Amino acid sequence: MKTRVYYDDTDAGGVVYHANYLKFCERARSDLFYEKGKSPAVNGGHFVVKYLEADFIQSAKLGDVIEVKTKLLLLKNASLILQQEVWREEVKLFAMTSTLAYVKEGKPCKIDEETKAFFRGFFI
Numbered sequence: 001m002k003t004r005v006y007y008d009d010t011d012a013g014g015v016v017y018h019a020n021y022l023k024f025c026e027r028a029r030s031d032l033f034y035e036k037g038k039s040p041a042v043n044g045g046h047f048v049v050k051y052l053e054a055d056f057i058q059s060a061k062l063g064d065v066i067e068v069k070t071k072l073l074l075l076k077n078a079s080l081i082l083q084q085e086v087w088r089e090e091v092k093l094f095a096m097t098s099t100l101a102y103v104k105e106g107k108p109c110k111i112d113e114e115t116k117a118f119f120r121g122f123f124i
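The sequence shown maps to residues 1 to 124 in UniProt numbering.
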């Protein structure tokens, strides 16, 4: 997913506020579904972040065009692990690994085979 850094993404100095890197990654995850005509709310459930590890490498600034690259690292029965990176041209700005749990009505449950196939087809 490519996007431009807008004023509301930055602090008073024109540097992207740290929490917005997480928002960029969330938008990119949602776009995976939207690009295929699907919703991130899948078969009565949705994915929630259970764990994440983030590395803030360099700053993006007002007006930069950035790209979020997403890679599936592991697909399990009720969760998956994604690696996401934010790039400005050839410069990596941010990296995050997140574990996403699939939940229905607030409780973890198995990811249905159709959704697993969607992820396998998108990333593999």
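Backbone N, C-alpha and C fix where the C-beta goes; we use that ideal spot for every residue, glycine too. Keep in mind the model is a prediction, meaning the values are calculated, not measured.
Buried or exposed, going by whether 16 or more other CB atoms sit within 10 Å of the CB of residue i?
i: A117; result: exposed
i: S39; result: exposed
i: residue 136; result: Examination of residue 136 is not possible in this model, given that the chain is present from 1 through 124 alone.
i: Y21; result: buried
i: V5; result: buried
i: D11; result: exposed
i: Y17; result: exposed
i: R29; result: buried
i: Q84; result: buried
i: A101; result: buried
i: residue 136; result: The question about residue 136 has no answer, for the chain in this structure spans 1 to 124.
i: A60; result: buried
If residue i sits next to residue j, beta carbons under 8 Å apart, how far is it from one beta carbon to the other, in whole angstroms?
i: I111; j: T97; result: 19 Å between Cβ atoms; not a contact.
i: K92; j: I57; result: 6 Å
i: M1; j: E67; result: 7 Å
i: D55; j: F94; result: 7 Å
Mind checking which residues open and close the alpha helix (DSSP H) that includes residue i?
i: E26; result: 18-34
i: T115; result: 113-123
In the DSSP assignment, find the beta strand (DSSP E) that holds residue i and state where it starts and stops.
i: A54; result: 46-56
i: T97; result: 91-104
i: K2; result: 2-4
i: S59; result: Counting along the chain, S59 falls outside any beta strand (DSSP E), and DSSP gives it neither H nor E.
i: V86; result: 79-88
Does the stretch 43-53 touch the stretch 69-76, meaning 3 or more C-beta pairs lie closer than 8 Å?
Touching, no.
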